[in-house]
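Asks:
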Amino acid sequence: MLSVHLLMLLQLRGASLAAAVGLGALVGPSQVGARVAELLIGRNRHHPIWTMLTSVTLLAAGIWLLLTSQTFVALALILYGAGNGIHTIARGALPLVLFDPQQYAVLMGKLATPSLIVQAAAPSVGALLLGTGGANLVLVTLALAATVNAGLCICLLASMRR
Numbered sequence: 004m005l006s007v008h009l010l011m012l013l014q015l016r017g018a019s020l021a022a023a024v025g026l027g028a029l030v031g032p033s034q035v036g037a038r039v040a041e042l043l044i045g046r047n048r049h050h051p052i053w054t055m056l057t058s059v060t061l062l063a064a065g066i067w068l069l070l071t072s073q074t075f076v077a078l079a080l081i082l083y084g085a086g087n088g089i090h091t092i093a094r095g096a097l098p099l100v101l102f103d104p105q106q107y108a109v110l111m112g113k114l115a116t117p118s119l120i121v122q123a124a125a126p127s128v129g130a131l132l133l134g135t136g137g138a139n140l141v142l143v144t145l146a147l148a149a150t151v152n153a154g155l156c157i158c159l160l161a162s163m164r165r
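Counting from 4, one number per residue, gives the positions in the sequence shown under the working numbering.
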C-alpha cells in the first residue's frame with residue numbers, strides 16, 4: 004500500500020511533487036543494495052529467520068520514522084526499501100527450512116494466496132483510508148501492521164528455540 008500511495012503521502016505531508024519523486028526514487032536502490040548485502044554477508048551464514056526478522060524490523064522502523072519525522076524522510080524510505088528488498092529473499096527461504104522441502108511448491112501456493120489477496124486489496128483500502136483520515140491514518144495503519152508483523156516474527160523465533 005505504501006509504494007502505491009507514496010508520492011501522494013509525501014505530498015500531503017508537505018513535499019513538492021519533485022521532492023516526492025526524488026525521495027521515492029530511493030526505495031528501489033535500497034531494495035537492491037539490501038539484497039546485495041544479504042548475498043555478500045548473510046549467504047549460508049545464518050538461519051533465514053534472522054533475514055526475516057531483519058526485514059520486518061527495517062520495514063517497521065522505516066514506516067514509523069516516516070510517520071513521526073519530517074526531517075528523516077530519506078532515511079525512512081531507505082530503511083523501508085532495504086526491508087522490502089530482503090523480505091523477498093526471506094519470504095522464499097524461510098518456509099524452505101521450516102517445512103518439508105518436498106511440499107515447498109504446494110506450501111508456497113497456500114502461503115501466497117492470502118498475501119496476493121491483501122496486495123490486490125491494499126491500493127483500494129489505502130485510498131479509502133487516505134480519503135477518510137488522510138496521510139497520517141494511512142501511515143499509522145501501516146506502522147501498526149508492520150509492528151504486528153515484527154511481533155509475529157519474534158514469536159516464530161521464540162517457538163523455534165523451544
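Just so it is clear, CB atoms sit at the ideal spot from N, CA and C, and this is done for glycine as well.
From what residue to what residue does the alpha helix (DSSP H) around H50 run?
Replies: H50 -> no alpha helix (DSSP H), and no H or E assigned at all.
Asks: In chain order, which alpha helix (DSSP H) runs of at least 4 residues are fully inside the stretch 69 to 117?
Replies: 76 to 101
Asks: For my contact list, L15 and G137 are in at a C-beta cut-off of 8 Å; report their separation, rounded to the angstrom.
Replies: 6 Å
Asks: Can you have a look at L118 and say buried or exposed, based on whether 16 or more other CB atoms are within 10 angstroms of its CB?
Replies: Reading the sequence as shown, one finds Ser at residue 118 and not Leu. Taking a 10 Å sphere around the C-beta of S118, we find fewer than 16 other C-beta atoms and assign the residue as exposed.
Asks: Looking at the secondary structure, which residues open and close the alpha helix (DSSP H) in which L20 lies?
Replies: 20 to 27
Asks: Does the count of Cβ pairs from the stretch 9 to 27 and the stretch 49 to 65 closer than 8 Å reach three?
Replies: Under the 8 Å Cβ criterion, the stretch 9 to 27 does not count as touching the stretch 49 to 65, having fewer than three qualifying pairs.
Asks: Assuming P126 and L110 are in contact, meaning their beta carbons sit under 8 Å apart, how far apart are those beta carbons, in whole angstroms?
Replies: About 27 Å; that fails the 8 Å criterion.
Asks: Could you name the residues of the same chain whose beta carbon sits closer than 6 Å to that of A153, not counting the 5 residues immediately before and after it, in chain order?
Replies: V59, T60, A63
Asks: Going by the CB atoms, is the gap between V143 and G88 shorter than 8 Å?
Replies: If you check the CB distance, G88 and V143 do not come in under 8 Å.
Asks: Does the beta-carbon of C156 have 16 or more other beta-carbons within 10 angstroms, so that it is buried, or is it exposed?
Replies: buried
Asks: DSSP three-state label for G17, please.
Replies: coil
Asks: In or out: G25 buried (at least 16 other Cβ within 10 Å) or exposed?
Replies: An exposed status is given to G25, since fewer than 16 other beta-carbon atoms sit within 10 Å of its beta-carbon.
Asks: Tell me the DSSP secondary structure of M4 in three-state form.
Replies: coil
Asks: With distances taken Cα to Cα, identify the nearest neighbour of K113 among G129, A124, A79, R94.
Replies: For K113, the nearest C-alpha among the options comes from R94.
Asks: Since L131 and H8 are thought to touch, with beta carbons under 8 Å apart, how far apart are those beta carbons, to the nearest angstrom?
Replies: About 11 Å; that fails the 8 Å criterion.
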